[in-house]
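S.K.: My questions all concern the structure below.
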Amino acid sequence: MQQAQRFLKLTAWGAIGLVTLVGMGAVVIRALNGLGVTNLNFIVPWGLWVAFYIYFIGLSAGSFLMSTMVYVFGFKKLESIGRLALFSALIFLIAGMNFVLIDLGRMERFWTVFVNRNLWSVLEIEIHFYVLYIVILTLELWLLMRRDLVVCGQGNDWKARICRILAFGSKDVSDESVARDRRIVRVLGIIGLPVAIGVHGGTGALFAVVKARPMWYGPLFPIIFIVSALASGSALLTFVLAFFAGKGMAKQERDELVLLLGKITAGFLAFDLLLLWSEFSVGIYGNIPEDLEVMRLILFGPFWWVFWFVQIIFGAFVPLLIIFLPATGKNPKWVGLAGFMVVVGIIGVRLNIVIPALSIPVLPGLDEAYTMLPAPTQAFTTYPPVILTWLNRFAILAALGTFGIFGLIALRRLRGQEAYRFQRGLVSIGTAVAVLAIALFVLRWVGGTAVTTLGLGISGLDLTQTPIGGILGQTELHSFYIPSPNEWLSSAGLIGMAIIMFAVGYMVLPLESKEGH
Amino acid sequence: MAKTEENTTLAPDTTRRRLLQTLVGVAGVATVAAAGPVKKATEATTISLDTIPVDAPVVTSDGKVDPLERMRADLARALQKPVSERRWVMVIDLRKCVGCSACTISCVAENHLPPGVVYRPVVEEEIGTFPNVTKRFLPRPCMQCDNPPCVPVCPVNATWKREDGIVTIDYDKCIGCRYCITACPYNARTFDKGLTYNDDVSETNTIALVGPANAEAYEMAATHEYGENRPRKEGRSPIGNARKCHFCLHRLEKGMLPACTTTCIGRATYFGDANDPDSLVSELIASPNVMRLKEELGTEPKVYYLQ
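Quick mapping for you: the protein sequence lines, in order, are chains E and Y.
The first sequence runs contiguously to residue 936 in our numbering.
The second sequence runs contiguously to residue 300 in our numbering.
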């Protein structure tokens, strides 16, 4: 058993290492060849890398804000993950910066942002925020680890040597020195709080000030960024604590903390969903073409599944169910899994922020005005038939699955045994999906495609004539950008780097306080 | 990438445009091949420009003044004023535009634009439903906004509005973050990814026609934007930078009209100094059928459309 686990661990790290190695190769290719290796084009000039940039800045700011709960607001229950939160904030800020770096057309000039400063540019303001943030973060983390570094530096092995270097000559291990450290950390945290809000709210403002893109333009955007950052940050800590960290903690204490973090995640996530609803419902009702087209593209475009499956079902709906259902909500492993799902789902959120808003040409017909568009163009016609087809496929699968489980239950009954609980659960879910899909299928069969599209088969009901009819428009939806292999590989490389840095840091640094609370 | 494009777009108008591109390619290569004479030709233009009397525009056979000649006189007059007193505007008469894309192509040739970079596309809009359709052609240069949204977003001050209203880019400062491209409501900025038409030889038969070496020479020839001499070399600006229409500033300074204006076969594009009440453009922008794109955004474009 132990051996099997070690083998699994080695395989996982081997895979991560390999992906990172290949990915860093892709980064080198990109650095040598310029942005020609990407599929970015004049319609969509920002793509996967910018999406990952705001994703990691969000993870970082979210983690940091979680740490302020401990060190500023004195939320003692989260004390044991305070350092971990700060450390992940640091690592993911670096990851975010790496994504900006490889996205620059002229990477070698990145340092000029500190020389040619245009303080009217939100991006430049952000760069100042990032620098301030990284300083505060590093100082806080160091002060919190200082005594542990001094203690661990007393040995003679390689780890002690690293500790001694990182302690920067500090030798004081008295309780007074720790109390002094904590006072400084509190001040730093108070300064850091608005800075962290500036870091991610400002990243949202980067988009919110662009009046050329109605989907981005507006005062709600920076707030959405902060809330989703908090959701992803707390979800990340839930996941890491449930599966990897907290080895030094008592099992019960750790489990309780995971469940608490899960609840916090669910709260932020629910608030994030509320903002999403506000954004979309008002936008759809408003019916402003440029705005609406972007929403149509998100909801029903070629990448509709990023919204429905990654962002909503995988990243929000299922995690909320896991956290709130009594059967799973009390199990730290399940809640940790929910945290992982949120962390992944937010990637979909970020992709849908950056790419669709750019994919609607600012002037109709601009995309066809020039034939040398170096990008794959994907056309996807009307949406509901697609969703219906999918639902029908689900219906068939669900029906087959349900029959199968019925069979198994029948077999158990024949042996005089009760059905398992999960079997009953699966049967009810399968039946629900099958019934829903069959209902839609019948509607479509009765009414034909057009009727199903516009009135869901109910005669006299034409949804295009309602205030929300615009979203059901039947024009073709195009996407002008699919990330190139290099973009995917480079991203994988940078993400792998972040994971490895995180793991190494976790092994070497005293990220979990031994004092307890 | 280019292959996908080749396979998917084979509509007749595309073929026509490709033919045009091919022709320009050939013309361009011819110019490069005969580099010596070209220089002389440029000098000749300058000389002939000086011979145009500023106060006596050329009169055509039907008794009217050719707008091109009048605009050249307007330009010469404007150049005598200090830069800060000039206000360059462009007027495009949509009723005259036939959608030939000559302006797009001449712009590509003038500024040596690589694939994916376009300063002045002609946007085609189909109005009505088949078979009762008509087409509207909308050439779209940079609007040279008075309140340009692309300028404040630049983190490194690499782009700014000149005194005469033209929004320019410093290729040596630009870090290629492309924030300005997303901020432009007209998509007037594009990004130089460093591609060349030579990357995919099967793309056009131009290369087969003129030979790879000549094609290469044409593609690598220097661009003279902003009066600078920038040969196209790997890793050198403007590769990796944002690029945009600058009303052919380098031509203006030499007393020449923008390339798109001189090549417009329908005389649909006008250019001149709006601060000069006697200029042709000042007359045109005073007409009631004048329109500007997306005025509601408060960008104050300096490109006017007549419709």
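C-beta atoms are modelled at their ideal positions from N, C-alpha and C, and glycine is treated no differently.
Small disclaimer: the values here were computed from a predicted structure and weren't measured.
Please list the partners that E/Phe471 has in chain Y, where partner means a Cβ-to-Cβ separation under 8 angstroms.
M.R.: Within 8 angstroms Cβ-Cβ: nothing; E/Phe471 doesn't reach chain Y, min ~15 angstroms.
S.K.: Count the other C-beta atoms from every protein chain shown that fall within 10 angstroms of the C-beta of E/Lys937, then say buried if there are 16 or more, exposed otherwise.
M.R.: Residue numbering for chain E in the displayed model covers 420 to 936; residue 937 of chain E lies beyond these limits and cannot be assessed.
S.K.: Just by C-beta distance, which residues in the stretch 278 to 297 of chain Y are closer than 7 angstroms to chain E?
M.R.: Result list: Leu290.
S.K.: Select from E/Gly493, E/Asp567, E/Tyr552 and E/Leu716 the residue whose C-alpha is nearest the C-alpha of E/Leu505.
M.R.: Selected option, being the one with the closest Cα: E/Tyr552.
S.K.: Quick one: list the residues of chain E neighbouring Y/Ala142, beta-carbon separation under 7 angstroms, in chain order.
M.R.: Residue identity differs from the one stated: residue 142 of chain Y is Pro in this sequence, not Ala. Per Cβ cutoff of 7 angstroms: Lys630 and Ala631.
S.K.: Could you check which residue in Y/Arg70, Y/Glu103, Y/Gly92 and Y/Val274 has the C-alpha nearest to that of Y/Arg244?
M.R.: Looking at the Cα atoms, Y/Glu103 is the closest of the given residues.
S.K.: On a Cα-Cα basis, can you pick out the residue from E/Leu819, E/Arg525, E/Gly623 and E/Glu837 that is closest to E/Ala851?
M.R.: Looking at the Cα atoms, E/Leu819 is the closest of the given residues.
S.K.: Nearest CA to the CA of Y/Gln137: which residue from Y/Ile159, Y/Val116 and Y/Arg155?
M.R.: Nearest of Y/Ile159, Y/Val116 and Y/Arg155 to Y/Gln137, Cα basis: Y/Ile159.
S.K.: If you compare alpha carbons, which of Y/Val274, Y/Asn180 and Y/Ala206 is closest to Y/Pro141?
M.R.: Out of Y/Val274, Y/Asn180 and Y/Ala206, Y/Asn180 has the C-alpha closest to the C-alpha of Y/Pro141.
S.K.: Classify Y/Thr122 as buried or exposed, calling it buried when 16 or more other Cβ atoms lie within 10 Å of its own Cβ.
M.R.: When all chains shown are included, Y/Thr122 counts as exposed.
S.K.: Let's see if you can read the secondary structure: which residues bound the alpha helix (DSSP H) around E/Lys670?
M.R.: First-last of the alpha helix (DSSP H) with E/Lys670: Lys670 to Gly705.
S.K.: Let me make sure I understand the geometry here. Which of E/Gln836, E/Leu777, E/Ala757 and E/Gly611 has the alpha-carbon closest to that of E/Val550?
M.R.: For E/Val550, the nearest C-alpha among the options comes from E/Gly611.
S.K.: Using the beta-carbon of each residue, which ones in chain A are nearer than 8 angstroms to E/Asn905?
M.R.: Here the protein chains are E and Y, and chain A is not one of them.
S.K.: Would you please verify whether the beta carbon of E/Phe722 is less than 8 angstroms from any beta carbon of chain Y?
M.R.: Closer than 8 angstroms: no.
S.K.: Please state if the CB of E/Ile462 and the CB of E/Leu711 are separated by a distance shorter than 8 angstroms.
M.R.: Their beta carbons are not under 8 angstroms apart, which means E/Leu711 does not touch E/Ile462 by this criterion.
S.K.: Any C-beta of chain Y sitting closer than 8 angstroms to the C-beta of E/Thr657?
M.R.: It does not: the Cβ of E/Thr657 has no partner Cβ on chain Y nearer than 8 angstroms.
S.K.: Are at least three pairs of beta-carbons, each pair with one atom in the stretch 908 to 918 of chain E and one in the stretch 434 to 454 of chain E, less than 8 angstroms apart?
M.R.: Touching, yes.
S.K.: According to DSSP, is E/Ile765 helix, strand or coil?
M.R.: Three-state DSSP puts E/Ile765 in a helix.
S.K.: Going by other Cβ atoms of all chains shown within 10 Å of its Cβ, with 16 needed for buried, is E/Gly453 buried or exposed?
M.R.: E/Gly453 should be labelled buried.
S.K.: Near E/Thr622, which residues of its chain fall below 7 angstroms by C-beta distance, leaving aside the five closest residues on each side in sequence?
M.R.: Closer than 7 angstroms at Cβ, skipping near neighbours: Ile473, Ile476, Glu545 and Phe644.
S.K.: Under 8 angstroms, do Y/Arg133 and Y/Pro114 count as touching if we go by C-beta distance?
M.R.: Cβ distance < 8 angstroms, so Y/Arg133 and Y/Pro114 count as in contact.
S.K.: Under the three-state reduction of DSSP, which class applies to E/Val927: helix, strand or coil?
M.R.: Of the three classes helix, strand and coil, the one that applies to E/Val927 here is helix, per DSSP.
S.K.: Using the Cα positions of Y/Asp246 and Y/Leu131, report the straight-line distance between them to the nearest angstrom.
M.R.: Per the sequence shown, the amino acid found at residue 246 of chain Y is Glu instead of Asp. Y/Glu246 and Y/Leu131: Cα-Cα distance of roughly 27 angstroms.
S.K.: Along the beta strand (DSSP E) that carries Y/Met83, what are the first and last residues, could you check?
M.R.: Its beta strand (DSSP E) spans residues Trp81 to Asp86.
S.K.: Provide the residue span of the beta strand (DSSP E) that contains E/Tyr552, from first to last.
M.R.: Looking at the DSSP string, E/Tyr552 is not in any beta strand (DSSP E); the run it does join, the alpha helix (DSSP H), is Val541 to Cys571.
S.K.: Could you give the residue range of the alpha helix (DSSP H) that holds Y/His243?
M.R.: Leu242 to Leu245 is the extent of the alpha helix (DSSP H) around Y/His243.
S.K.: Answer yes if the stretch 477 to 494 of chain E comes into contact with the stretch 653 to 665 of chain E, meaning at least three C-beta pairs across the two stretches below 8 angstroms, and no otherwise.
M.R.: Yes, the stretch 653 to 665 of chain E is in contact with the stretch 477 to 494 of chain E.
S.K.: Counting Cβ pairs, one atom from each stretch, are 3 or more of them under 8 angstroms apart for the stretch 657 to 668 of chain E and the stretch 696 to 712 of chain E?
M.R.: Not touching, per the Cβ criterion.
S.K.: For Y/Glu117, which residues does DSSP report across the bridge?
M.R.: According to DSSP, which records beta bridges pairwise, Y/Glu117 is partnered with Y/Phe130.
S.K.: For chain Y, is any of its Cβ atoms less than 8 angstroms away from the one on E/Val546?
M.R.: For the sequence presented, residue 546 of chain E should be read as Ile rather than Val. Chain Y, which has a Cβ nearer than 8 angstroms to the Cβ of E/Ile546, makes this yes.
S.K.: Counting along the chain, where does the alpha helix (DSSP H) carrying E/His619 start and finish?
M.R.: That run of the alpha helix (DSSP H) goes Asp594 to Ala627.
S.K.: In whole angstroms, what is the alpha-carbon distance linking Y/Cys241 and E/Met516?
M.R.: If you take the alpha carbons of Y/Cys241 and E/Met516, they lie about 37 angstroms apart.
S.K.: Mapping the DSSP letters down to three states, classify E/Met714 as helix, strand or coil.
M.R.: In the structure shown, E/Met714 sits in a helix (DSSP, three-state: H, G or I).
S.K.: Whose Cβ in chain E lies nearer than 7 angstroms to the Cβ of Y/Tyr179?
M.R.: By Cβ distance, chain E contributes Val781 and Leu782.
S.K.: Express the C-alpha separation of Y/Ile85 and Y/Lys33 in angstroms, rounding to a whole number.
M.R.: Residue confidence is low: Y/Lys33 scores 41 on pLDDT, short of 50, so the model does not pin down where it sits. No coordinate-derived value is stated.
S.K.: Measuring CA to CA, which of E/Lys495, E/Gly686, E/Leu523 and E/Gln730 is closest to E/Gly764?
M.R.: E/Gly764 has its Cα closest to that of E/Gln730, out of E/Lys495, E/Gly686, E/Leu523 and E/Gln730.
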